[in-house]
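Shown next, in structure tokens, is the structure this report addresses.
Chains as they are written, first to last, in the working numbering: chain L, 293 to 629; chain H, 356 to 661.
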């Protein structure tokens, strides 16, 4: 990854970036009460995102990402904890927060009764730009986002990719301090997705603070300075991609599935845990999984160990260090998108 | 121009890419500084309503004109023509004796239009905005408290209600059998203005309240369970005083906010024909506006911020 944030090495005084944290949450919680029982959507999330950072919330669907972004953008009322965006309390000062944020929601919230240009003009005027300035800002956004030929089309007639571009353009109308994007590329074709990535990287290059949620690992890997891995309403791990991979002990993961159940104690007898580089060995039914920083020859050895104990190999795989292997190592579960 | 390597097939030429990148970068470096105030945002939201209203003008107009047109046609033209005796259908009340039904109908129809248009103007858009895409979030992110957004919605609905009620005048004046036109004299203009303002605001508040508490999928039911009884038992077709022959009904309809709208309009438009006590009308209209308005703002806020 190229655009890393300044990570102060241990012995240097920390950069005073904390004071201008763009986003900060403390024990942020949301419990939805319903007649069928309470649902804990977010169970105490702590985030600290400095200004200028491209931060990602990565997790499977239903992990609590959208609820978190909802609370940070004042559209969901927290049931516990606190959060500040651009220095303002989201519960006590929602208007001050709304002035400083741009939000691209997951659902298409364009004003379907208005044209593309009107969507941008009226949003500009909602933020207090005079009519003439609003019209010029709309033109500028339409050109930059390549919507020139759709300018007078009704918002309801746009394709998925065009609608998403217009929503990002609309979120930038008032030069927000923080740009929130909830699953911005979900449901888009690969080409459109890459185009959006380019746009977001240019914005980030200009110093735009961005918080993005995604359930696509490659999206978080490609874009984000720092990533928080979220599941079941909690942050499982947080850091730069490299830190996450290192912390999770996510070296290469070698998995072998045999035809027969792995006998108890096989891994110990074979001395797998004692091999150089191995950090973790898991046995699960017919499956043997080894996490190792030095996977050279490991796969062949697992096959041989099995053969020596009367096990036949059904299939085998070797996962390179990635967010996916990190997630697997953090949760013990395969990543479900 | 430097040639950069670029995967074949992706995007346009590199020069174009750089242009796009610089124009996107300019969105941040070259951005106007916004200074939102509550008033500017409110004004912009109203401007947005008028833009949409203007775009839908033909359908809005047809919706607003059909009801009074058909009512006037049937009650002031067809029925008097076939001699059903509807022309003096006031019972023993103040409407008896040479008063055309159109005269009674004008305030009644206006009241009915307030209700229809006020509710259509707020409830229906709201149902769309709260449905699966929740487009309401667009407006909810504007830099004002959610309650201001609620007040803006009431204002927009009230304006539609006023337009709808105003359409009644020309329609009833033109559509009637010979000699069956309305006789409106001695209009109390200040009272008319007060009644119209509160009637429109109250119906729009009621519309916002219903739009926020009712499940969008059951909105059809609202019209059957709320709109229809409010109208039929809202002293639209008969003055409240005429109900004295059915005493229990006269008391029951006092719970219908519509009654105070139509009676208020009677007091302003046809003061000579008898109407409910003015103080009762004004207390109910002002009180109803405040209560329904406050309730609607509350339920709206709870619905937007969940």
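Positions of the beta carbon are idealized from the N, C-alpha and C atoms, including for glycine.
This one's a predicted model, so the numbers in the text were calculated from it and none came from an experiment.
Identification of chain L residues near residue 488 (chain H) by a Cβ-Cβ cut-off of 7 angstroms yields 399, 400, 401, ordered along the chain. The Cβ neighbour count for residue 376 (chain L), taken over all protein chains shown within 10 Å, is at least 16; the residue is labelled buried.
Excluding sequence positions up to five before and after residue 621 (chain H), its CB lies within less than 7 angstroms of the CB of 462, 594, 628, 630, all in the same chain and listed in chain order.
In the DSSP assignment, residue 482 (chain H) falls within the unbroken alpha helix (DSSP H) covering 456-484. At a cut-off of 8 angstroms between beta carbons, residue 378 (chain H) contacts chain L. Residues of chain L with a Cβ closer than 9 angstroms to the Cβ of residue 395 (chain H) are, in chain order, 417, 418, 419, 420, 421, 422. Under the three-state reduction of DSSP output, residue 446 (chain L) falls in the strand class. The alpha helix (DSSP H) runs lying completely inside the region 399-439 of chain H and spanning 4 residues or more are 412-427, 434-437, given in chain order.
Shown here for residue 359 (chain L): same chain residues with a beta carbon closer than 7 angstroms to its own, the five before and five after excluded, namely 322, 333, 334, 368 in chain order.
Residue 389 (chain H) has a beta carbon lying within less than 8 angstroms of a beta carbon in chain L. Non-local C-beta neighbours of residue 349 (chain L) in its own chain, meaning closer than 6 angstroms and more than five positions away in sequence, comprise 357, 505, 520, 522, ordered along the chain. Residue 533 (chain H) carries a coil assignment under DSSP once its states are collapsed to helix, strand and coil. Residue range 372-377 is occupied by the beta strand (DSSP E) that includes residue 377 (chain L). For residue 482 (chain L), the enclosing alpha helix (DSSP H) covers residues 482-497. Judged by pairs of C-beta atoms under 8 angstroms, the region 412-420 of chain L does not touch the region 519-534 of chain H, as fewer than three such pairs exist. The way I'd put it, the region 587-595 of chain L doesn't touch the region 482-491 of chain L; fewer than three beta-carbon pairs between them come closer than 8 angstroms.
Under the Cβ distance rule, residue 500 (chain L) counts among the residues neighbouring chain H, one pair being separated by less than 8 angstroms. Assigned with DSSP and collapsed to three states, residue 507 (chain H) falls in helix.
Under the three-state reduction of DSSP output, residue 581 (chain H) falls in the helix class. Going by beta carbons, residue 509 (chain L) and residue 615 (chain L) fall inside the 8 angstroms limit. In chain order, 464, 471, 502 place their CB closer than 8 angstroms to the CB of residue 495 (chain L), counting only its own chain and leaving out the 5 sequence neighbours on each side. Taken through DSSP and simplified to helix, strand or coil, residue 350 (chain L) comes out as strand. By alpha-carbon distance to residue 493 (chain L), the top candidate from L:513, L:313, L:507 is L:513. It is roughly 28 angstroms from the alpha-carbon of residue 536 (chain H) to the alpha-carbon of residue 513 (chain H). Around the Cβ of residue 602 (chain H), a 10 Å sphere holds fewer than 16 other Cβ atoms; the residue is exposed. Within 7 angstroms of the CB of residue 494 (chain L), the CB atoms of chain H belong to 376, 379, 380, in sequence order along the chain.
For residue 554 (chain H) and residue 330 (chain L), the gap between their C-alpha atoms comes out near 42 angstroms. Distances from the CA of residue 378 (chain L) to each of L:370, L:388, L:372, L:527 were compared; the closest alpha carbon is that of L:388. The count of Cβ pairs closer than 8 angstroms, one atom from the region 556-574 of chain H and one from the region 478-486 of chain H, reaches three, so the stretches are in contact. Between residue 591 (chain L) and residue 608 (chain L), the beta carbon gap of about 6 angstroms places them in contact (Cβ cut-off 8 angstroms). Counting the other Cβ atoms within 10 Å of the Cβ of residue 384 (chain H) gives fewer than 16, which makes it exposed. Membership of residue 341 (chain L) in the beta strand (DSSP E) is indicated by the continuous run 331-342. Contact between the region 474-481 of chain H and the region 376-392 of chain H is absent, with fewer than three C-beta pairs closer than 8 angstroms. When DSSP reads this structure, residue 544 (chain L) sits in a beta bridge with L:584.
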